[in-house]
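Trainee: In the working numbering, the protein residues as written are 15 to 415.
Built from N, CA and C at the ideal position, the CB exists for glycine as well.
Fair warning: this is a prediction, and the values are worked out from it, not measured in the lab.
(1) Give a yes or no on contact between the segment 64-75 and the segment 256-273, applying the rule of three or more CB pairs nearer than 8 Å.
(2) Hey, quick one: how far does the alpha helix (DSSP H) through residue 126 stretch, first residue to last?
(3) For residue 397 and residue 219, what's the separation of their Cα atoms in angstroms?
(4) Measure the alpha-carbon distance for residue 31 versus residue 289 and round it to whole angstroms.
(5) Can you tell which of 156, 102, 110 and 60 has the C-alpha that lies nearest to the C-alpha of residue 297?
(6) Pick helix, strand or coil for residue 399, following the three-state DSSP scheme.
(7) For residue 281, does the count of other Cβ atoms within 10 angstroms reach 16, so buried, or fall short, so exposed?
(8) Label residue 364 either buried or exposed according to how many other C-beta atoms from any shown protein chain fall within 10 Å of its C-beta, with 16 as the threshold for buried.
(9) With contact counted as at least three CB pairs below 8 Å, one residue from each stretch, are the segment 219-228 and the segment 186-193 in contact?
(10) Give a yes or no on whether the C-beta atoms belonging to residue 356 and residue 305 are separated by under 8 Å.
(11) Rounding to the nearest angstrom, what Cα-Cα distance links residue 368 and residue 375 in this structure?
(12) One question on the structure: do residue 186 and residue 209 come within less than 8 Å of each other, judged by their Cβ atoms?
(13) Is residue 153 buried or exposed, if buried means 16 or more other CB atoms sit within 10 Å of its CB?
(14) Thinking C-alpha only, which one of 351, 202, 307 and 104 is nearest residue 66?
(15) Taking C-beta to C-beta, are residue 388 and residue 353 nearer than 8 Å?
(16) How would you write the range of the alpha helix (DSSP H) that residue 249 sits in, first residue to last?
(17) If we count the other Cβ atoms within 10 Å of its Cβ and call it buried at 16 or more, is residue 121 buried or exposed?
(18) Looking at the unbroken alpha helix (DSSP H) that takes in residue 375, where does it start and where does it end?
(19) By the DSSP assignment, the alpha helix (DSSP H) with residue 144 in it spans what residues?
(20) In chain order, what residues of the same chain have a beta carbon less than 6 Å from the beta carbon of residue 19, not counting five sequence neighbours either side?
(21) Residues in the same chain with beta-carbon distance under 7 Å from residue 324, minus the five sequence neighbours each way, listed in chain order, please.
(22) Apart from the five residues just before and just after residue 381, which ones in its own chain have a Cβ nearer than 6 Å to its Cβ?
(23) Among the residues of its own chain, which have a CB less than 6 Å from the CB of residue 496, if the five just before and after it don't count?
(24) Looking only at its own chain, which residues have a Cβ that is under 8 Å from the Cβ of residue 331, when we skip the five neighbours before and after it?
(25) For residue 215 versus residue 221, is the C-beta distance shorter than 8 Å?
(26) My assumption, with CB atoms under 8 Å, is that residue 12 sits in contact with residue 238. Please give the rounded CB distance.
(27) Assuming residue 359 and residue 384 form a contact by the criterion Cβ under 8 Å, report the distance between their Cβ atoms to the nearest whole angstrom.
(28) Using beta-carbon positions only, say whether residue 125 and residue 148 come within less than 8 Å of one another.
(29) What number of angstroms, rounded off, separates the C-alpha of residue 295 from the C-alpha of residue 112?
(30) Please name the residue, chosen from 95, 22 and 146, that lies closest to residue 44 on a Cα-to-Cα basis.
(31) DSSP on residue 231, reduced to helix/strand/coil?
(32) According to DSSP, is residue 383 helix, strand or coil?
(33) Taking the straight line between their C-alpha atoms, what separation do you get for residue 158 and residue 64?
(34) Once the 5 residues before and after residue 165 are set aside, which same chain residues still bring their CB inside 6 Å of it?
(35) Use the C-beta contact count for residue 273: other C-beta atoms within 10 angstroms, 16 or more gives buried, fewer gives exposed.
(36) In the structure shown, what three-state DSSP assignment does residue 95 receive?
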């Protein structure tokens with residue numbers, strides 16, 4: 015098998031893995047999205063309760079990014095204090111690690127059964143919830159199938175010492191491996207997929223276990239960038255920044271002990287795949303245990319790094335986007351908030367209209383800028399809502415593929 019074909023095979027199976035995770039997430043959101051958001055919102059009173067809620071919601075959604083977007087949307091809307099929102103992010107990180115651990119077990123034989131059951135449920139279900147549950151089963155089956163094929167595709171590399179030597183030379187520096195893992199997780203919008211891929215590579219002995227652990231650290235760091243880049247409001251960005259800082263400090267602290275961690279994990283659990291998954295879980299549990307008591311000073315720190323700004327009349331509207339169209343409940347909440355901002359700008363226009371009648375200097379220019387702002391915001395909201403699938407927003411409809 016030529017190198018090009020092998021790379022194409024790897025790309026295809028990774029794409030199938032990502033698509034399976036996407037199907038699970040969207041299926042859960044369509045079946046229970048509103049309920050999950052309500053549960054998460056009701057659990058944001060105390061940090062420990064918020065952490066557990068973030069863990070549970072993430073394990074159901076199969077995505078810490080989606081949970082993070084919920085938390086940042088609550089914070090951006092002023093519905094929750096920053097400390098509980100940061101606790102949700104810690105819980106989401108642990109939830110993602112537990113997902114990886116669950117998928118690392120030898121459950122490959124369940125893949126065809128899950129796809130079969132999911133296909134029957136999707137075709138035969140009478141309502142949208144049944145079809146969404148079928149979608150979840152199909153997605154889980156595709157994830158397991160992709161993992162099986164990834165391991166099979168990587169197996170020939172175990173007898174290619176030249177390639178192994180090249181990879182070991184390139185990734186010999188743990189910092190380079192960490193950066194590569196971060197880039198992969200950021201690009202894939204999924205630390206789950208990247209850590210599972212790293213576990214498969216380590217299982218075949220293509221890279222040493224120490225390098226695999228550095229890649230896992232990078233995957234943790236890279237996945238925390240997505241909520242930060244997706245959130246356009248200062249309150250939401252503070253929560254995402256806090257999560258990024260926690261993981262960054264954790265990565266810096268864990269890097270010097272990678273050799274020790276690799277040696278002890280392999281001696282305890284044996285298999286490299288299990289060592290990678292266990293390290294991922296232990297790392298995020300440690301961050302949660304250390305970070306939970308420090309959330310209040312962390313909240314003060316991110317508040318200082320991203321202070322509130324006075325919104326000028328000439329400031330362009332905040333942009334909706336960042337992949338939020340895949341989470342309808344969050345998307346509608348953000349669109350509603352932007353619509354309320356339009357109403358605020360209209361109130362400014364009406365106030366300035368009375369000033370204009372009294373001859374106040376500058377009122378005409380303020381009215382003109384406010385009108386332009388309202389028009390731009392309205393067009394942005396329309397474009398954003400047009401990206402949403404109307405069937406996924408209707409209880410009477412059924413989600414398409």
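Mentor: Reading it off the structure:
(1) no
(2) Against the chain shown, residue 126 aligns to sequence position 112. Element bounds for residue 126: 124-138.
(3) Residue numbering aside, residue 397 sits at position 383 when the chain shown is read from its first letter. Residue numbering aside, residue 219 sits at position 205 when the chain shown is read from its first letter. Roughly 48 Å separates the two Cα atoms.
(4) Position 17 of the chain shown, counted from the start, is the residue given in the question as residue 31. Position 275 of the chain shown, counted from the start, is the residue given in the question as residue 289. Answer to the nearest angstrom: the Cα atoms are 21 Å apart.
(5) As a working note, residue 297 is residue 283 in the chain shown. Checked all of 156, 102, 110 and 60; the closest Cα to residue 297 is 110.
(6) Your numbering for residue 399 matches position 385 in the chain shown. Residue 399 falls in the helix class under three-state DSSP.
(7) Counting from 1 along the chain shown, the entry for residue 281 is found at position 267. Residue environment: residue 281 is assigned as exposed (fewer than 16 neighbouring CB atoms within 10 Å of its CB, all protein chains considered).
(8) Here the question's residue 364 lines up with position 350 in the chain shown. Looking at its Cβ environment, which holds fewer than 16 other Cβ atoms inside 10 Å, residue 364 is exposed.
(9) The segment 219-228 makes contact with the segment 186-193, as at least three CB pairs between them are under 8 Å.
(10) Here residue 356 corresponds to residue number 342 of the chain shown, with the count starting at 1. Here residue 305 corresponds to residue number 291 of the chain shown, with the count starting at 1. No, these two residues do not count as a Cβ contact at 8 Å.
(11) As a working note, residue 368 is residue 354 in the chain shown. As a working note, residue 375 is residue 361 in the chain shown. Their backbone Cα atoms lie some 12 Å apart in a straight line.
(12) If you number the chain shown from 1, residue 186 lands on position 172. If you number the chain shown from 1, residue 209 lands on position 195. No, the Cβ-Cβ distance between residue 186 and residue 209 is not below 8 Å.
(13) Residue 153 sits at position 139 when you count from the first residue of the chain shown. Counting Cβ neighbours within 10 Å, residue 153 comes out buried, since at least 16 surround it.
(14) Along the chain shown, one-based indexing puts residue 66 at 52. Closest option to residue 66, Cα to Cα, is 104.
(15) Numbered from 1 along the chain shown, position 374 holds the residue referred to as residue 388. Numbered from 1 along the chain shown, position 339 holds the residue referred to as residue 353. The answer is no: Cβ separation not under 8 Å.
(16) As a working mapping, residue 249 is identified with position 235 in the chain shown. Looking at the DSSP string, the run of the alpha helix (DSSP H) that includes residue 249 is 248-268.
(17) By one-based count along the chain shown, residue 121 stands at place 107. The residue is exposed, with fewer than 16 neighbouring Cβ atoms inside 10 Å.
(18) The count along the chain shown starts at 1 and reaches residue 375 at position 361. Per DSSP, residue 375 belongs to no alpha helix (DSSP H) and is neither H nor E.
(19) The count along the chain shown starts at 1 and reaches residue 144 at position 130. Residue 144 -> alpha helix (DSSP H) spans 142-168.
(20) Along the chain shown, one-based indexing puts residue 19 at 5. No residues qualify anywhere along the chain.
(21) Walking along the chain shown from the start, residue 324 turns up at place 310. Its pLDDT being 46, under 50, residue 324 is placed unreliably in this model, and the value from its coordinates should be taken loosely. For residue 324, where only same-chain residues beyond five positions count, there are no Cβ hits under 7 Å.
(22) Here residue 381 corresponds to residue number 367 of the chain shown, with the count starting at 1. Excluding residues within five positions, the ones whose Cβ falls inside 6 Å are 363 and 366.
(23) Outside the shown range of the chain, which is 15 to 415, sits residue 496, and nothing can be said about it.
(24) On the chain shown, position 317 is the one that residue 331 refers to. Per-residue confidence for residue 331 stands at a pLDDT of 46, beneath the threshold of 50, marking its modelled position as unreliable; no derived number is given.
(25) As a first step, residue 215 must be located in the chain shown, where it is residue number 201. As a first step, residue 221 must be located in the chain shown, where it is residue number 207. Cβ distance < 8 Å, so residue 215 and residue 221 count as in contact.
(26) Because the chain here runs from 15 to 415, residue 12 falls outside it and cannot be looked at.
(27) Within the chain shown, the letter at position 345 stands for residue 359. Within the chain shown, the letter at position 370 stands for residue 384. Indeed they touch by this definition, with Cβ atoms about 5 Å apart.
(28) Sequence index remark: in the chain shown, residue 125 carries index 111 (1-based). Sequence index remark: in the chain shown, residue 148 carries index 134 (1-based). Taking 8 Å as the Cβ cut-off, residue 125 and residue 148 do not qualify as a contacting pair.
(29) One-based indexing of the chain shown puts residue 295 at position 281. One-based indexing of the chain shown puts residue 112 at position 98. A direct Cα-Cα distance of roughly 6 Å separates residue 295 from residue 112.
(30) Residue 44 sits at position 30 when you count from the first residue of the chain shown. Checked all of 95, 22 and 146; the closest Cα to residue 44 is 146.
(31) Within the chain shown, numbered from 1, the residue matching residue 231 stands at position 217. Residue 231: helix per DSSP, three-state reduction.
(32) By one-based count along the chain shown, residue 383 stands at place 369. Looking at residue 383 - three-state DSSP - the assignment turns out to be helix.
(33) By 1-based counting over the chain shown, the position of residue 158 is 144. By 1-based counting over the chain shown, the position of residue 64 is 50. One C-alpha to the other measures close to 30 Å.
(34) Stepping through the chain shown from its first residue, residue 165 is reached at position 151. For residue 165, where only same-chain residues beyond five positions count, the Cβ hits under 6 Å are 214.
(35) Within the chain shown, the letter at position 259 stands for residue 273. Result: exposed.
(36) Stepping through the chain shown from its first residue, residue 95 is reached at position 81. Correct three-state label for residue 95: coil.
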